[in-house]
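S.K.: No gaps in the numbering here: position 51 of the sequence shown is 51 in full-length UniProt numbering, and each next residue is one more. Glycine included, every Cβ here is placed at the ideal spot set by N, Cα and C. I have a structure here, written as structure tokens, and I will follow up with some questions on it.
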Amino acid sequence: KRFAESNNGLDLRKDRMALQRLKEAAERAKHELSSAPETEVNLPFITADASGPKHLTETVDRATFEALVTDLVDRTIEPCRIALKDAGIPAQQINQVLLVGGMTRMPRVQAKVKEFFGREPHKGINPDEVVAVGAAIQGGVLKGEVKDVLLLDVT
Numbered sequence: 001k002r003f004a005e006s007n008n009g010l011d012l013r014k015d016r017m018a019l020q021r022l023k024e025a026a027e028r029a030k031h032e033l034s035s036a037p038e039t040e041v042n043l044p045f046i047t048a049d050a051s052g053p054k055h056l057t058e059t060v061d062r063a064t065f066e067a068l069v070t071d072l073v074d075r076t077i078e079p080c081r082i083a084l085k086d087a088g089i090p091a092q093q094i095n096q097v098l099l100v101g102g103m104t105r106m107p108r109v110q111a112k113v114k115e116f117f118g119r120e121p122h123k124g125i126n127p128d129e130v131v132a133v134g135a136a137i138q139g140g141v142l143k144g145e146v147k148d149v150l151l152l153d154v155t
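What follows is the structure, encoded as structure tokens:
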């Protein structure tokens, strides 16, 4: 939006190549904001018009990013609530919460999980590897070798 305002209404949403570059830059910014308070998105020659090439440079801070994704983060709790209800277990009885996927590195996601479950999420397993660990546990459960474990898929 700010790019359009500062470039005579030039709309990047109509430029597929620019959108792809912007998506990749946004993904990098998301990763950087998991550990840094702010990051810079710098896309030289993002597009061009009759007056010449256009460049996009934006500083994004964690608070702004979290404000943009608050609704998405908040919506992730409902599947947790449903899964716990279906299992007949209150959130307070969950011993550990393992976060799955790169987005769970985001401090806002971790805070929301802590707020809902009343405890810090477990951080001993890489969120990108948890799916493989879960598959191994499920295999053990199906073979009868692992007991007293409940895996909830909240997707």
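1) At the level of alpha carbons, what is the spacing between Leu56 and Lys147?
2) Please tell me whether Phe3 and Leu33 are closer than 7 Å, where the distance is taken between their beta carbons.
3) Do Pro121 and Gln110 have their C-beta atoms within less than 7 Å of each other?
4) Evaluate the contact criterion for the segment 69-84 versus the segment 34-47: three or more CB pairs, one atom per stretch, below 8 Å.
5) Using a Cβ-Cβ cutoff of less than 6 Å, which residues in the same chain neighbour His31 once the five nearest sequence positions on both sides are dropped?
6) What number of angstroms, rounded off, separates the C-alpha of Gln20 from the C-alpha of Gly140?
7) Would you kindly report the start and end of the unbroken alpha helix (DSSP H) that includes Asp148?
8) So if DSSP puts Glu66 in a beta bridge, which residue, or which two residues, is it bridged to?
9) I need the DSSP call for Thr39, collapsed to helix, strand or coil.
10) Whose C-beta lies closer than 7 Å to the C-beta of Val149 among residues of the same chain, with five residues either side of it excluded?
11) State the start and end residues of the unbroken alpha helix (DSSP H) segment that holds Asp86.
12) Taking the alpha helix (DSSP H) that Leu142 belongs to, which residues open and close that run?
13) In terms of residues, what are the limits of the beta strand (DSSP E) holding Glu58?
14) According to DSSP, is Pro44 helix, strand or coil?
M.R.: Working from what's here:
1) 54 Å
2) no
3) Contact check for Pro121 against Gln110 passes: the beta carbons are separated by less than 7 Å.
4) no
5) none
6) 41 Å
7) It is not in any alpha helix (DSSP H) - Asp148 carries neither H nor E in the DSSP assignment.
8) According to DSSP, which records beta bridges pairwise, Glu66 is partnered with nothing at all.
9) strand
10) Ile137, Val141
11) 77-87
12) 130-143
13) 52-61
14) strand
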